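J.: Dropping the structure in here first, questions after.
In our numbering, the protein residues as written are 7 to 303.
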């Protein structure tokens, strides 16, 4: 019987320089879409997929991230005394049980592959997920849940994939497709940030993975790749070279790149418009802004 995926690694050691000066004192993962930080969307997605153990690969200055998941007894007490039960339940949903969450330091910025490798002692010989909180995915059924269900049928390793314009492929890891089976594609190889004219397809890897523990053993010996960093894509490509199955998974949902300012703003608007308590007021404001812009032109 195939082992269940119950552990997830969250690489959150980055400095968030694209969001300075905000990230001078606030970890990027704590920045909020509407009223929830990026990392909460990632945690909720992992929980829906059946993840039980949450491993954060952090760096210096991420203390606020750890505090976010801790209990806040004084705040809970005040909400209870004021009978703000709905807010109290929302607050409690951010708490993580003791032992369910672990933090590991990545002392040097050596790339995503190295960040994942830092957690190898907590993974042992089990399949595991990797979630990049910068990639926020709006979906009826969470992206990782879709992948976990597919993984139970396929095994191997799996990456979330989406089609991108050919001219933008050089910004992603790109799949060399062996066989296209609809939502699943079997993979011949993967190329990290290829030149536009050398991209093997327009099917790009985004920040959700289910990986075999073999990948960690490969990362243990991996040399630096594109950008002088240890690339997770290169380690997954080694799986293919060794005859192990790797699949791309076309998820159902909309991905927002919240590692960029434009993507973060787009996600903020999209998630706000999906809220019954915000939709009318925000959509009215947007219509007014559009009308004013058209009049000015």
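By construction, the Cβ of each residue, glycine as well, lies at the ideal position given by its N, Cα and C atoms.
Since this is a predicted model, take the numbers as computed values, not measurements.
Is it right to say residue 289 is buried, meaning 16 or more other beta carbons lie within 10 angstroms of its own, or is it exposed?
T.: Position 283 of the chain shown, counted from the first residue, corresponds to residue 289. So residue 289 counts as exposed.
J.: Which residue comes first and which comes last in the alpha helix (DSSP H) that contains residue 98?
T.: Numbered from its first residue, the chain shown carries residue 98 at position 92. Residues 91-98.
J.: So, with DSSP's three-state summary, where would you put residue 1?
T.: Not covered by the structure: residue 1. The range shown for the chain is 7 to 303.
J.: Could you pull out every residue in the same chain whose Cβ sits closer than 6 Å to the Cβ of residue 18, ignoring the five residues on either side in sequence?
T.: Taking the chain shown and counting its residues from 1, the one referred to as residue 18 is at position 12. Correct list, in chain order: 35, 62 and 64.
J.: When the Cβ atoms of the stretch 286-301 are set against those of the stretch 171-182, are three or more pairs found closer than 8 Å?
T.: no
J.: Once you ignore the five residues that flank residue 266 on each side, which residues in its own chain have a CB closer than 6 Å to its CB?
T.: Taking the first residue of the chain shown as position 1, residue 266 is located at position 260. For residue 266, where only same-chain residues beyond five positions count, there are no Cβ hits under 6 Å.
J.: With H, G and I counted as helix, E and B as strand and the rest as coil, what does DSSP make of residue 214?
T.: Here residue 214 is taken as the residue at index 208 of the chain shown, counted from 1. The DSSP-derived three-state label of residue 214 is strand.
J.: If you draw a straight line from the C-alpha of residue 272 to the C-alpha of residue 20, how long is it?
T.: The sequence position of residue 272 within the chain shown is 266, counting from 1. The sequence position of residue 20 within the chain shown is 14, counting from 1. C-alpha separation (whole angstroms): 22 Å.
J.: Nearest CA to the CA of residue 159: which residue from 47, 84, 203 and 253?
T.: Here residue 159 refers to the residue found at position 153 when the chain shown is read from its first residue. Residue 159 has its Cα closest to that of 253, out of 47, 84, 203 and 253.
J.: Quick check on the burial criterion: 16 or more other C-beta atoms within 10 angstroms. Buried or exposed for residue 164?
T.: Here residue 164 is taken as the residue at index 158 of the chain shown, counted from 1. Buried, because 16 or more other Cβ atoms sit within 10 Å of the Cβ of residue 164.
J.: Apart from the five residues on each side of it in sequence, which residues of its chain come closer than 6 Å, Cβ to Cβ, to residue 257?
T.: One-based indexing of the chain shown puts residue 257 at position 251. Correct list, in chain order: 149, 152 and 166.
J.: Please determine if the stretch 112-120 and the stretch 40-55 are in contact, where contact requires at least 3 C-beta pairs separated by less than 8 Å.
T.: no
J.: Out of curiosity, what's the CA-to-CA distance linking residue 123 and residue 135?
T.: Within the chain shown, numbered from 1, the residue matching residue 123 stands at position 117. Within the chain shown, numbered from 1, the residue matching residue 135 stands at position 129. Going from the Cα of residue 123 to the Cα of residue 135 covers about 13 Å.
J.: Return the chain-ordered ranges of every beta strand (DSSP E) run that is complete within the stretch 34-116 and spans a minimum of 3 residues.
T.: Counting only runs of 3+ residues, the beta strand (DSSP E) found wholly inside the stretch 34-116 occupies 59-64 and 107-111, in chain order.
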